[in-house]
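Peer 1:
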Amino acid sequence: MHNIKAIIFDLDGVLVDTAKYHYLAWKRLAQELNIEFSIEDNERLKGVSRMNSLEIILEIGNITLDDDTKIKLAEKKNIWYVEYISKLTPADILPGVIDFIESIKANGLKIALGSASKNSMLILTNLKLTDYFDAIIDGTKVSSAKPNPEVFLKGALELNIPPCQCIVFEDAQAGIDAAINAGMYCIGIGSKNRLKKANLVLSGFSNMTFDKLGL
Ligand code: BG6
Ligand code: MG
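In numbering that gives the first Met the number 0, the protein residues as written are 0 to 214.
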């Protein structure tokens, strides 16, 4: 691959590990609803929007609820989740991320965020990462959730770079599908077994620079 001009990062699971906090908040809600919700079930929620996550949990518990109740439950879960992420600091940035971002900047590439989370700004602010981004597209700016490519296409558009010159970093299957659907090269963060559709998989950013990708 040549002529890469932009990098689009997913947030949760790529720049910071928030899955544990999503799990604790969903687990508390599931307990209130008498639903058994395991850490394995939580894997299914990665990259999935808040309302779709609630739908998955209700499906696990075989419970049907009206839309108003679902909105209230999702809001309740979010209040608990926000309590956790309010305590995030730059020390929570995953290993190697800052050096990798600096290496992208040194190569003159643009950087965007492409996240499903409506809490992205709070997280980026607490991690002190906001200033690195040339464009931030989050759950408040899209109408279709991943695997729909909207979040990544909007990022490319805001950067004014064609999708074929963008690389996406993603940790979730739904996000990898979204990147592929956007016509972008996708690098998975995590295990090769789980992220089979990615063009390349890295275990993380430790000791990684843009040049080392060899693209
Ligand atoms: C994604 C997470 O980044 O954002 C999902 O991987 C989460 O687990 C989704 O459901 C929406 O997040 P939020 O913060 O808007 O509830
Ligand atoms: Mg993610």
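Ideal Cβ positions, reconstructed from N, Cα and C, are used throughout, including at glycine.
Quick one: which unbroken alpha helix (DSSP H) runs of 4-plus residues sit fully inside the segment 78-134? Chain order, please.
Peer 2: Complete alpha helix (DSSP H) runs here, min 4: 96-105, 119-126.
Peer 1: According to DSSP, is residue 154 helix, strand or coil?
Peer 2: Locating residue 154 in the sequence shown gives position 155, where the first residue counts as 1. In the structure shown, residue 154 sits in a helix (DSSP, three-state: H, G or I).
Peer 1: Which one of 179, 125, 139 has the shortest CA to CA distance from residue 146?
Peer 2: Counting from one through the sequence shown, the residue named residue 146 turns up at place 147. Per the Cα distances, 179.
Peer 1: Measuring straight from C-alpha to C-alpha, what distance separates residue 155 and residue 214?
Peer 2: On the sequence shown, residue 155 is found 156 positions in, with the first residue counted as 1. On the sequence shown, residue 214 is found 215 positions in, with the first residue counted as 1. Taking the straight line from one Cα to the other gives about 19 angstroms.
Peer 1: With DSSP as the reference, identify every bridge partner of residue 169, one or two as the case may be.
Peer 2: Counting from one through the sequence shown, the residue named residue 169 turns up at place 170. According to DSSP, residue 169 bridges with 187.
Peer 1: Determine the contact status of residue 79 and residue 56, defining contact as a CB-CB distance below 8 angstroms.
Peer 2: Counting from 1 along the sequence shown, the entry for residue 79 is found at position 80. Counting from 1 along the sequence shown, the entry for residue 56 is found at position 57. For residue 79 and residue 56, no; Cβs fall outside 8 angstroms.
Peer 1: Please report the straight-line C-alpha distance between residue 99 and residue 68, rounded to a whole angstrom.
Peer 2: Counting from 1 along the sequence shown, the entry for residue 99 is found at position 100. Counting from 1 along the sequence shown, the entry for residue 68 is found at position 69. Using only the alpha carbons, I get a separation of about 43 angstroms.
Peer 1: With DSSP as the reference, identify every bridge partner of residue 5, one or two as the case may be.
Peer 2: Taking the first residue of the sequence shown as position 1, residue 5 is located at position 6. Paired residues: 109, 165.
Peer 1: In chain order, what residues of the same chain have a beta carbon less than 6 angstroms from the beta carbon of residue 134, not counting five sequence neighbours either side?
Peer 2: Within the sequence shown, the letter at position 135 stands for residue 134. Cβ neighbours of residue 134 beyond the five flanking positions: 111, 154, 157, 158.
Peer 1: Quick check: the segment 156-175 against the segment 29-36, are there 3 or more CB pairs under 8 angstroms?
Peer 2: Contact fails: fewer than three Cβ-Cβ distances are below 8 angstroms.
Peer 1: Per the DSSP calculation, residue 136 is bridged to which residue(s)?
Peer 2: To locate residue 136, count along the sequence shown from 1; it is residue 137. In DSSP, residue 136 forms a bridge with 113.
Peer 1: Near residue 17, which residues of its chain fall below 6 angstroms by C-beta distance, leaving aside the five closest residues on each side in sequence?
Peer 2: Locating residue 17 in the sequence shown gives position 18, where the first residue counts as 1. Only 11 meet the Cβ criterion.
Peer 1: Can you check which of these residues, 77, 191, 165, 164, is closest to residue 230 by C-alpha distance?
Peer 2: In the structure displayed, the chain extends from 0 to 214; residue 230 sits before or after that span and is not available.
Peer 1: From the DSSP output, in three-state form, read off residue 32 for me.
Peer 2: The residue given as residue 32 occupies position 33 in the sequence shown. Note: residue 32 maps to coil in three-state DSSP.
Peer 1: Relative to the C-alpha of residue 109, which residue among 85, 46, 130 is closest?
Peer 2: The residue you call residue 109 lines up with position 110 of the sequence shown. Nearest C-alpha to residue 109: 130.
Peer 1: Can you determine whether any heavy atom of the ligand MG sits closer than 7 angstroms to the C-beta of residue 45, and answer yes or no?
Peer 2: Residue mapping note: residue 45 aligns to position 46 of the sequence shown, counting from 1. Yes, since a heavy atom of the ligand MG falls inside the 7 angstroms radius drawn around the Cβ of residue 45.
Peer 1: Considering only their Cβ atoms, is the gap separating residue 199 from residue 92 smaller than 8 angstroms?
Peer 2: Stepping through the sequence shown from its first residue, residue 92 is reached at position 93. Stepping through the sequence shown from its first residue, residue 199 is reached at position 200. No, Cβ-Cβ distance for residue 92 and residue 199 is not below 8 angstroms.
Peer 1: Is residue 126 near residue 94, with beta carbons less than 8 angstroms apart?
Peer 2: Here the question's residue 126 lines up with position 127 in the sequence shown. Here the question's residue 94 lines up with position 95 in the sequence shown. For residue 126 and residue 94, no; Cβs fall outside 8 angstroms.
Peer 1: Taking only the alpha-carbon atoms, compute the straight-line gap between residue 182 and residue 197 and give it to the nearest angstrom.
Peer 2: Locating residue 182 in the sequence shown gives position 183, counting from the first residue. Locating residue 197 in the sequence shown gives position 198, counting from the first residue. Whole-angstrom Cα-Cα distance: 12 angstroms.
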